[in-house]
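Colleague: As you go down the protein sequences, you meet chains A and B in turn. Residues in the first sequence are numbered consecutively from 0, following numbering that gives the first Met the number 0. Residues in the second sequence are numbered consecutively from 0, following numbering that gives the first Met the number 0. Each residue gets a CB set at the ideal place from its N, CA and C atoms; glycine is no exception. The structure is given below, and queries will be raised subsequently.
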Amino acid sequence: MTNPMPDLLPALPEIFLLLMVSVLLITDLFVDDTRRGVGYGLALFSLVGAALITLLTATPEPQYTLNDMFVDDPMADALKLAVYAAVAAVLVYSREYVRLRGMLRGEFFALSLFATIGMMVMISAGHFLTLYLGLELMTLSLYAMVALRRDEPTAVEAAMKYFVLGALASGMLLYGMSMLYGATGSLDIGEVAAVIDNGEAAGPVLVFGLVFVVAGIGFKLGAVPFHMWVPDVYQGAPTAVTLFIGSAPKLAAFGFVMRLLVEALPGLAPDWSDMLIILAALSLVLGNVAAIAQTNIKRMLAYSTISHMGFVLLGILSGTTDGFSAAMFYVVTYVLMTLVAFGVIMVLSRDGFEAENLEDFRGLNQRNPWHAFVMLLAMFSLAGVPPTVGLYAKLSVLSAVIDAGYVWLAVFAVIFSLIGAFYYLRVVKLMYFDAPVVATEITPNPEVKLLLGVNGLALLIFGILPQPLMAFCARAIAGSFF
Amino acid sequence: MILGLPLLSTVIWFPILAGIVVLFTGNDRNAPLARLLALVGAVGGFLVAIPLYTHLDRAQTGFQFAELAPWIERFNVNYHLGVDGISTPLILLNCFTTVLVVLAGWQVIQTRVAQYMASFLILSGLMNGVFSALDGLLFYVFFEATLIPMFIIIGVWGGENRVYAALKFFLYTLLGSLLTLVAFIYLYNVSGGSFSILDWYRLPIAMSTQILLFLAFFAAFSVKVPMWPVHTWLPDAHPEAPTGGSVVLAALMLKLGAYGFIRFSLPILPDASHKLAGLMIGLSLISIVYICLVAIVQTDMKRLIAYSSISHMGFVTLGTFLFNAPGLEGAVIQMVSHGFVSGALFLCVGVLYERMHTHLIADYGGVVHTMPVFAAFFMLFAMANSGLPGTSGFVGEFIVVMGAMKVSFFYAAAAATTLILGAAYTLWMYKRLVFGAIANEHVAKMQDIGSRETLVLALAALAVLAIGIYPFPLTEMMHTSVNELLAHVARSKLPL
């Protein structure tokens, strides 16, 4: 019996990126500190290359390969493209920041790209093991990135917390997967779904496994009551890494949830959607209320992330195609907004100074109206006020939730996003209403300025014309699941 | 169409684009240029709106100057615009007021002039959008988007306690509108996927659902009007807002709420509207009478006029829920009239504030000796505010009282007390400010109004007198639309 060569075409972006990371690691050995820009350029080049390959190999039908352990479908392509864009934006925003803090080494870029590969594998997983492999590759890279400034006590503390809780979550997830294996006799996502569908799986074990899986998901998404690590890690990590953690991994986590719950366990939808209601509702409450009390903007945005993940879960739990595409739209727009918010934070940070307190935003409108305006757009968008794209993100999710018959849940979500509006407005208040305390010039690199402008205006432009982005998400979901 | 451009889109987008252009003049070195461009934008915005008045077909029912283009296919949302005899006067009022506001802020505002002027122009365009949107989501987008410029106007150019006022204003109104968003999405779902207001007009809805939806709408619109007991944000917002902000707030933003009742609650939920009319009338009467009494004891001019606004807006909601032609027509006239009168009163207060930097009535006295021309204009607006025949204030209130009389003598009697109480607080304030001996040396040093201020007040005075003496052009514009609306409200929409 011959072992035929598997069709590697669907996995080509991952393979390309892996090769490029190797190249990056090797070139890094021959580059001295004066020319660290090489790694930066190489990393951006790799992302663009991967994006091109993804576009060229995109197919409207799902492609399975490597014994069905890997799948390349429209949702995977769409999410990967978003991941490349997000990672590239993170690299551009953080270049100056990491240079000033002595982190501009090959490791930063290599770890970023390894994490990216991990996300891509998660997004494209067709098997529980692949899913787990991608998750670990991503999170291990992230632990290391958080600890990259090893002489900084807060960063090390954050890395430890992240690692311990992350490992715990992974353990739960694996335990849950093993129970699912016990109940269904398979780890293949398609087969698990089929076995459950035929009613051949043992009931109690299955639900027990599901509980652990959902707990693991809760950890990874940072949903209450599994959110403890989020504020500490966001605050403790260097801002560049916080931005990284807050952006692209959310897209991957969405893909992860879709593969795990929607693709593998649709037969248990009534069970997991009830569990998600609890997670979502608690996240909305705690995220929004706790954010009000924060004085550190990174910590505030951490709590805001928790509440936004609650919204994403709302979309998923409604269990319809519309709900899934609404959740995806929400994640994509959320990443856009996060990039802007942290981008501005990094622009304000200087050598030896972290603009991480809310106070540092005082009078930004007088110091630099353009950046204040961009931040204003991000804040109003996070609050869901038109004409920014945040409104449509909330609208799509609420519409799906109401369609699924949970009107009370929609009202609940709306009331807590009103509470949330308060702390976003506070940032606007500090920027526009207060007088500046420092008068330092803000002079970002031209590329950062350009990208931040494009990124900020995207919130406004997608807010006026949201249709293309919505259709993009709807197509991706429809092509992959139905 | 003007110059090949669709009329309503021009009315909406011209001020917004002008605002963006003004924003690009940058910092305060270019302030004169920013002021000039803003004036061009405001006057241009008014001029492009004039064809609405001249070309509106008075006899035609339904919406005119309609524009329809797909916008968000995913949710079947259309860029659907159109106006009728009820929204047209409000658009004209808005465009006119913007000119006044730009002129009034000419010298007063010295910091961040470009941003100030741009905020008002953008706000004006957005409000035109609210008044002409025929798609629920489009309406919501414009309705909500108006909060951002107003929030900034109060917060940046406001008084001592501006941050509290701005946040209170924003959060209060956001709560209501978010509930409305849920109601809109619900209507979208039950109407089989349409955000079109016209489709919602035809949608049969069960009574219990109607009541819930009505309460959701009520949450948004009553806060905006504002009706007692959710009015408390307004007296806080007004004293802190700069003059222009107060004018726009009183003259226009309050109308968004009343317009919402007329455009949404009545025709979409006629049965709930009838069922809850008693409640609405009761709240309106409390607004009218009780708030008058509150106004009398105010020591701050802006607060006093703010309370007077709430009381006058009570007439609008009262007229709306009487379900007869005089009531509704009177309500719309009162909206327009109140726009001019309260706007003008805030302009007058602004004139005084600019010279003395205080809103307290007790700091003034004997202004007539130093500012006779100003005192004359102020007199006219004070009279209009108390509903003197011959001014616009009389027309609206009188017609609403007539409508109330048709329903119940008691409603009419209660509402009519305002003619006494309104006169009491307005004229007493006027007396304390203007008459008597010169109170202190600051008043003695006050200069009478200059030509720019005279122009602004004269324009407002013209409008107040025109509507007061000859309201026919206004009433004939809305006649058909009001009757159509009443016919619509009279039909039950309960599913058979």
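Rounded to whole angstroms, what's the CA-CA distance from L177 (chain B) to T145 (chain B)? Just pull it up for me.
Modeller: Taking the straight line joining both Cα atoms gives about 14 Å.
Colleague: Contact criterion: CB-CB distance below 7 Å. Does V194 (chain A) meet it with respect to chain B?
Modeller: It does not: the Cβ of V194 (chain A) has no partner Cβ on chain B nearer than 7 Å.
Colleague: For M0 (chain A), count neighbouring Cβ atoms within 10 angstroms of its own Cβ and tell me buried if that reaches 16, exposed if not.
Modeller: The predicted position of M0 (chain A) is uncertain, since its pLDDT is 49 and thus under 50; a value taken from the coordinates is nonetheless stated next. It counts as exposed.
Colleague: If I follow the unbroken beta strand (DSSP E) through Q62 (chain A), where does it start and stop?
Modeller: Counting along the chain, the beta strand (DSSP E) containing Q62 (chain A) begins and ends at 62-64.
Colleague: Give the DSSP bridge partners of Y391 (chain A), in chain order.
Modeller: In DSSP, Y391 (chain A) forms no bridge with anything.
Colleague: Please report whether the beta-carbon of N188 (chain B) lies at a distance below 7 Å from any beta-carbon of chain A.
Modeller: Yes, N188 (chain B) counts as interfacial toward chain A.
Colleague: Compute the Euclidean distance between the alpha carbons of L220 (chain A) and M137 (chain A), then round it to the nearest angstrom.
Modeller: Distance between the alpha carbons of L220 (chain A) and M137 (chain A): 13 Å.
Colleague: Could one say the Cβ of V388 (chain A) lies closer than 7 Å to chain B's Cβ atoms, at least one of them?
Modeller: Closer than 7 Å: no.
Colleague: I'd like to know if M0 (chain A) contacts chain B, where contact means its C-beta is closer than 7 Å to some C-beta of that chain.
Modeller: Low confidence applies here, because M0 (chain A) scores a pLDDT of 49, under 50, leaving its location unreliable; read the following figure in that light. Output row for M0 (chain A): interface = no.
Colleague: Check the DSSP bridge columns for R349 (chain A) and list the partner residues they point to.
Modeller: Paired residues: A:F352.
Colleague: What residues of chain B sit near L397 (chain A), judged by a beta carbon separation below 9 Å?
Modeller: Those are L180, V181, I184, listed as they occur along chain B.
Colleague: Taking I291 (chain A) as the reference, which of A:L424, A:L80, A:L468 has the closest Cα?
Modeller: It is A:L424 whose Cα lies nearest to the Cα of I291 (chain A).
Colleague: For the alpha helix (DSSP H) containing E190 (chain A), list its first residue and its last residue.
Modeller: That run of the alpha helix (DSSP H) goes 188-196.
Colleague: Going by Cα to Cα distance, which pick from A:C472, A:R149, A:G462, A:L449 is closest to M327 (chain A)?
Modeller: Ranking the options by Cα distance to M327 (chain A), first place goes to A:C472.
Colleague: Roughly how many angstroms separate the alpha carbons of L513 (chain B) and Y391 (chain A), rounded to a whole number?
Modeller: The requested residue 513 (chain B) is not part of the displayed model; chain B covers only 0 to 495.
Colleague: Taking just the CA atoms, how far does F142 (chain B) sit from G61 (chain B)?
Modeller: Near 22 Å, if we compare the C-alpha coordinates of F142 (chain B) and G61 (chain B).
Colleague: Any beta carbon of chain A sitting closer than 7 Å to that of M404 (chain B)?
Modeller: By this cut-off, M404 (chain B) is not an interface position.
Colleague: Please report the Cβ distance between S497 (chain B) and V76 (chain B), rounded to the nearest whole angstrom; I am assuming they are in contact, meaning their Cβ atoms lie under 8 Å.
Modeller: As shown, chain B starts at 0 and ends at 495. That puts residue 497 (chain B) outside it, with no answer to give.
Colleague: Which term fits Q63 (chain B), buried or exposed, when burial requires 16 or more other beta carbons within 10 angstroms of its beta carbon?
Modeller: Under this definition Q63 (chain B) is a buried residue.
Colleague: So, for V293 (chain B): in the same chain, excluding its five sequence neighbours on each side, which residues have a beta-carbon less than 8 Å away from its beta-carbon?
Modeller: Once the five neighbours on either side are set aside, the close Cβ partners of V293 (chain B) are Y306.
Colleague: Ignoring anything shorter than 4 residues, give me the alpha helix (DSSP H) runs that lie fully in the segment 394-456 of chain B, in order along the chain.
Modeller: Listed in chain order, they are 408-433, 440-443.
Colleague: My output table needs one value for M0 (chain A): the three-state DSSP class, helix, strand or coil.
Modeller: Caution applies to M0 (chain A), whose pLDDT of 49 falls short of 50 and renders its modelled position unreliable; the value that the coordinates give is listed next. Reduced to three states, the DSSP call for M0 (chain A) is coil.
Colleague: Using a C-beta cutoff of 7 Å, does Q466 (chain A) count as contacting chain B?
Modeller: At least one chain B Cβ lies under 7 Å of Q466 (chain A).
Colleague: Take the Cβ of W407 (chain A) as the centre, count every other Cβ of all protein chains shown within 10 Å, and call the residue buried at 16 or more, exposed below.
Modeller: So W407 (chain A) ends up on the exposed side.
Colleague: Which one or two residues does DSSP pair with V76 (chain B) in a beta bridge?
Modeller: Partner(s): B:I71.
Colleague: Taking any Cβ of chain B, which residues in the segment 400-424 of chain A have a Cβ under 8 Å from it, in chain order?
Modeller: Listed by position along the chain: I401, D402, V406, A409, V410, V413, I414, S416, L417, A420, F421, L424.
Colleague: Closer than 7 Å, Cβ to Cβ, to anything on chain B: give me those residues from the segment 431-465 of chain A, in chain order.
Modeller: Here the close residues are Y431, F432, P465.
Colleague: For V436 (chain A), which option in A:A280, A:E358, A:P386 has the closest C-alpha, if you only look at C-alpha atoms?
Modeller: For V436 (chain A), the nearest C-alpha among the options comes from A:E358.
Colleague: According to DSSP, is S525 (chain B) part of a helix, a strand, or is it coil?
Modeller: Chain B is shown from 0 up to 495; residue 525 (chain B) falls before or after that span and cannot be answered.
Colleague: Say whether chain B places a C-beta atom closer than 7 Å to the C-beta of M469 (chain A).
Modeller: Yes, because at least one Cβ of chain B sits closer than 7 Å to the Cβ of M469 (chain A).
Colleague: In the DSSP assignment, the beta strand (DSSP E) including V70 (chain A) goes from what residue to what residue?
Modeller: Its beta strand (DSSP E) spans residues 69-71.
Colleague: For A84 (chain A) and L46 (chain A), I'd like the C-alpha separation in whole angstroms.
Modeller: Rounded to the nearest angstrom, the two C-alpha atoms are 8 Å apart.
Colleague: What is the rounded straight-line gap between the Cα of I15 (chain B) and the Cα of M116 (chain B)?
Modeller: Answer to the nearest angstrom: the Cα atoms are 11 Å apart.
Colleague: Can the beta-carbon of V372 (chain B) be found closer than 7 Å to that of D447 (chain B)?
Modeller: In this structure, D447 (chain B) lies closer than 7 Å to V372 (chain B) by Cβ.
Colleague: For the segment 51-72 of chain B, which residues have a beta carbon sitting closer than 9 Å to at least one beta carbon of chain A?
Modeller: The residues in question are P69, W70, I71, E72.
Colleague: For the alpha helix (DSSP H) holding F480 (chain A), just list the boundary residues, first then last.
Modeller: Note, F480 (chain A): alpha helix (DSSP H), 466-480.
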